[in-house]
Structures are given as C-alpha cells and as structure tokens.
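Numbering (this note's numbering), first residue to last: 34 to 239.
If you want it as structure tokens, here you go:
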C-alpha cells in the first residue's frame, strides 16, 4: 500500500471466513484489525457503515449473536477487518460465556497478524466494569487498542464535546497512568469513518 495515497471514504470489504481459533484463519500474512465490544454496542452497524453496505455484518434484534471470529478482506489495501464476538451478554450460560471468552482471548494473544483492536463503547454510558476489565486485560498483556465511542449522534453537542475527556479520566481510575486513544463514531452520521481509516493506514505503514 502506498502510504501517500488518498484515504478512501469506504472500506471495500469482502467476507472471507468464520473461525473459532486463529490457526484456522486465512493465513495470508496480511495485517488484521479487530473490532470488539459489549453486546448491543452497535458493532455490526459500525462495520456495515465502514463497508458502505447494510448486509456485511448481520444486525440482530437478539444481542450476542456473533459467536465466531469473522474475517473481512479489505480488497484495496489488503488487510483484514476482524469481527470478534461481543462480551458481557447476560443471557448466555456460564459455559457459553467461558467459551466465547476463550475464543476472544486466544485470538488476541495468539494471532500473529493482529495489529490493533478497536474496542467499541456505548457513548451514552459511564465506564462499565466489563469494559474496564477487558481494557485492563489488554493493557496488562501489552496489546494495543483504540476506543471507539458508538452512537454519539444520540448525544447533545455539549455532551459530545466533554465525552472523551471525562471518559478518559474514568478509565484512568481503572488503569492508573493509562491514556486511551479515543475516536467518536456514529453509524448513522458516518462520523469517525475517515479517522478510523487514517489510524489503520498509519498502523499498516509501521
């Protein structure tokens, strides 16, 4: 990829595979960028917004539907967008939660090609325990991640302006000294799309 090329407004995504272990992934050696968040955070809507199509990632009225690691190939820049199962879905059994946690953590720890994980957070909520625990785990294992606020179109302009500062302060109460990178997004207004692409492009060139 030419680092000086213009950032496209849309990712040209093609679904490739659904797996449960990184060893079964595409195995092409291309960089991977994962997306994860609590159930019902708007992950499927965001992926569809990035890809410019409504049917790339399935949006369900039943949260917690994603149970596999789903790879989407970006055909122009040659990287994978990886849709991970959500965490924190209360209606799953203890065994189901443990299975999903194992799938998620095995991928993040074992994948040779993962460059960064985008952690989706519902912008309408204060830092939640499950989000904080996941980010603390990522930080402990020195796995890079970027926070994506979702549904920011549902906030007032004043709330949007103060959001990143107040949330960053809240996260530091869970992870002392940690300064998170945060991007505000909206699948409705397409806010954040170019900024996400810019960060992906920067990380591919390093």
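Quick reminder that beta carbons are idealized off the backbone N, C-alpha and C, glycines included. Computed from a prediction, not measured in an experiment: that's the story for all the values here.
DSSP places residue 150 outside any alpha helix (DSSP H); the residue lies instead in the beta strand (DSSP E), whose first and last residues are 147–155. Around the beta carbon of residue 45, fewer than 16 other beta carbons sit within 10 angstroms, so the residue counts as exposed. Taking a C-beta distance under 8 Å as the contact criterion, residue 49 and residue 111 do not qualify as a contact pair. Under the three-state reduction of DSSP output, residue 65 falls in the strand class. Membership of residue 217 in the beta strand (DSSP E) is indicated by the continuous run 215–217. Counting along the chain, no beta strand (DSSP E) covers residue 142; the unbroken alpha helix (DSSP H) around it starts and ends at 127–143. Burial state of residue 115 is buried, judged by a 10 Å Cβ sphere holding 16 or more other Cβ atoms. Assignment of residue 211 by DSSP, reduced to helix, strand and coil, places it in the coil class. CA-to-CA, the gap between residue 88 and residue 194 works out to about 32 Å. In this chain, residue 74 is not harboured by any beta strand (DSSP E), its DSSP state being neither H nor E. When secondary structure is reduced to three states using DSSP, residue 226 falls in the helix class. Just measuring C-alpha positions, the residue of 232, 101, 226 and 206 sitting nearest residue 214 is 232. 8 Å or more divides the Cβ of residue 69 from the Cβ of residue 185.
Where residue 103 is concerned, the enclosing beta strand (DSSP E) starts and stops at 102–107. Going by beta carbons, residue 154 and residue 183 fall inside the 8 Å limit.
With contacts defined by Cβ atoms closer than 8 Å, residue 102 and residue 180 do not form a contacting pair.
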